[in-house]
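Using this note's numbering, read the sequence shown as starting at 50 and increasing by one per residue. Idealized CB from N, CA, C, for every residue including glycine. Predicted model only: the values in this text are computed from it and were never measured. A short worksheet on the structure shown next.
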Amino acid sequence: LAQELKSRGIPRNQIANWVCIARHESNYNTRALGRPNRDGSRDHGLFQINDRYWCSPPGPHNDCGVRCSALRDDKIADDVKCIRKIYARHGFSAWVAWKNRCRGRNLSGYVAGCKI
């Protein structure tokens, strides 16, 4: 995953954070579909991107311009495009898993041996 993110232009100094997010949001499952959130929205794919704002259907906004089902496959180019947009607006704090499991921790183990 680290090498894939690097090849898609994710800055090297962010890669461990993204791998940590993927681990704790979806357990690296590109097909993950989260349980309904309190507001009825759901989270999709490797990075558990929320359908209220970022994809459709059902969300009215679709700020990433992608179908939610496209976030639940092994092709992560659209996921990466979307996480870049989310990150530009909200930083890593958009991901609860990052706040609870990654922020302020030594993340070097997530990319050890990845040759990035």
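Whole-angstrom distance between residue j and residue i, CA atom to CA atom
{"i": "SER105", "j": "LYS130", "result": "15 Å"}
{"i": "GLN63", "j": "HIS93", "result": "21 Å"}
{"i": "ASN111", "j": "ILE70", "result": "21 Å"}
{"i": "CYS151", "j": "GLY58", "result": "21 Å"}
{"i": "GLY162", "j": "HIS73", "result": "20 Å"}
{"i": "PRO107", "j": "ASN86", "result": "14 Å"}
{"i": "ALA137", "j": "PRO60", "result": "13 Å"}
{"i": "PRO109", "j": "TYR102", "result": "7 Å"}
{"i": "PHE96", "j": "SER75", "result": "7 Å"}
{"i": "GLY89", "j": "ASN155", "result": "34 Å"}
{"i": "LEU153", "j": "GLY140", "result": "A small correction: the amino acid at residue 153 is Gly; Leu does not occupy that position in the sequence shown. Looking at the two C-alpha atoms, the distance is approximately 14 Å."}
Counterpart residues of residue i in DSSP-defined beta bridges
{"i": "LEU82", "result": "HIS93"}
{"i": "SER105", "result": "ARG116"}
{"i": "ASN99", "result": "ASP92"}
Pair within 9 Å by beta-carbon distance, residue i and residue j
{"i": "VAL68", "j": "VAL160", "result": "yes"}
{"i": "ASP128", "j": "ILE98", "result": "yes"}
{"i": "SER157", "j": "LYS148", "result": "no"}
{"i": "ILE125", "j": "GLU53", "result": "yes"}
Residue i classed as buried or exposed, judged by whether at least 16 other C-beta atoms fall within 10 angstroms
{"i": "ALA51", "result": "buried"}
{"i": "ASN66", "result": "buried"}
{"i": "SER56", "result": "exposed"}
{"i": "ARG91", "result": "buried"}
- Query: Touching or not, the region 119 to 129 and the region 78 to 96, by the rule of three or more beta carbon pairs under 8 Å?
  - Reply: yes
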